[in-house]
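1 is the number of the first residue of the sequence shown in full-length UniProt numbering; add one for each residue after it.
Below you'll find the structure, written out as structure tokens, and then a few comments.
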Amino acid sequence: MILQPSLSLPPLPLYKASRLCFDSLPAFSSTLSFFPKALHFFHPKPIPIAYRLARLWLELANSQETLEDSDSSNQRVVLALYAALSSHDVATVHRIVAADLEWWFHGPPSHQFLMRLLTGTATDSATSFRFVPQSITSFGPTVLVEGCDHARSIAWVHAWTVTDGIITQVREYLNTSLTVTRLGNSHTSSPPSDFSTPSSSSSTSEITSLHCPSLWESSVSSRVGKSVPGLVLAI
Numbered sequence: 001m002i003l004q005p006s007l008s009l010p011p012l013p014l015y016k017a018s019r020l021c022f023d024s025l026p027a028f029s030s031t032l033s034f035f036p037k038a039l040h041f042f043h044p045k046p047i048p049i050a051y052r053l054a055r056l057w058l059e060l061a062n063s064q065e066t067l068e069d070s071d072s073s074n075q076r077v078v079l080a081l082y083a084a085l086s087s088h089d090v091a092t093v094h095r096i097v098a099a100d101l102e103w104w105f106h107g108p109p110s111h112q113f114l115m116r117l118l119t120g121t122a123t124d125s126a127t128s129f130r131f132v133p134q135s136i137t138s139f140g141p142t143v144l145v146e147g148c149d150h151a152r153s154i155a156w157v158h159a160w161t162v163t164d165g166i167i168t169q170v171r172e173y174l175n176t177s178l179t180v181t182r183l184g185n186s187h188t189s190s191p192p193s194d195f196s197t198p199s200s201s202s203s204t205s206e207i208t209s210l211h212c213p214s215l216w217e218s219s220v221s222s223r224v225g226k227s228v229p230g231l232v233l234a235i
């Protein structure tokens, strides 16, 4: 198996898996080849991913004047990845995703849909999960995308790192309330880091005590109909 995450570890707070490698993508390709059958079985009426992506592309185009060139470029790269996953475009995935993509995960181990999809180890349940972006925003190289599968009561947030047009890291949060902050007033670049909070409602107080200005907070985690843990991502 290309990727061997530490599944024996408890699902808290955040654990790091090995690097994803796409050097031998026959497994990835074979997984994609099963998509039409799996999606037809689980989704007789496919979710309009193309419509959602087109809407986000339009919003991005309309906001070009207010976004820095690098921010808008990074968002386009990430949207291109979701479009490639939706259309089973393996060549595009190879082109925009680093061969040693670094993957971090927080959430139930059974919800590691993205990792299983990218490594070709996906089951029917994983291949039937559709990542339909509902919002996208960026802060420098960090691009935040969130969505929600209401039928399964699963909310997700992806924090992608884009370097020179290549996706080099993804932090994946399933059924987790995520707050993004910037440490102090420093303008120096530093790797993102996560801080767990007792609950999503206490995220703001934790940020205040650390003097970290809040930049962004997930909005879909409240739609799953149950209490979810909270995390603070410092960039």
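From the three backbone atoms N, C-alpha and C, an ideal C-beta is built for every residue, glycine too.
All values reported here derive from a predicted model rather than from experimental measurement.
Rounded C-alpha distance that separates residue i from residue j
i	j	result
residue 74	residue 171	16 Å
residue 35	residue 92	A caution first: residue 35 carries a pLDDT of 33, below 50, which makes its placement in the model unreliable, though a value can still be read off. Their backbone Cα atoms lie some 17 Å apart in a straight line.
residue 217	residue 167	22 Å
residue 233	residue 183	10 Å
residue 131	residue 105	16 Å
residue 83	residue 144	16 Å
residue 154	residue 77	25 Å
residue 226	residue 120	31 Å
residue 202	residue 149	Reliability fails at residue 202, whose pLDDT of 49 lies under 50, so the model's placement of it is uncertain and the value that follows must be treated cautiously. Each residue's alpha carbon lies about 25 Å from the other.
residue 224	residue 175	8 Å
residue 108	residue 102	19 Å
residue 133	residue 100	24 Å
residue 142	residue 89	23 Å
residue 118	residue 72	25 Å
residue 163	residue 152	33 Å
Near the ligand FAD: residue i beta-carbon under 7 Å from a heavy atom
i	result
residue 128	The ligand FAD is not part of this structure, which contains no ligands at all.
Cβ-Cβ separation, residue j to residue i (assumed contact under 8 Å), whole Å
i	j	result
residue 181	residue 214	5 Å
residue 179	residue 169	Between residue 169 and residue 179 the Cβ distance is about 19 Å, and since that is not below 8 Å, they are no contact.
Option nearest residue i by Cα separation, candidates the options
i	options	result
residue 96	106, 104 and 85	85
residue 235	152, 79, 140 and 163	140
Short Cβ contact (8 Å threshold) for residue i with residue j
i	j	result
residue 156	residue 147	yes
residue 228	residue 221	yes
Own chain residues within Cβ distance below 6 Å of residue i, not counting five before or after
i	result
residue 70	none
residue 111	174
Same chain only: Cβ atoms within 7 Å of residue i, ignoring 5 sequence neighbours per side
i	result
residue 98	166, 167 and 168
residue 80	92 and 96
Contact set for residue i: own chain, Cβ-Cβ below 8 Å, skip 5 residues either direction
i	result
residue 212	181, 182, 183, 184, 232 and 234
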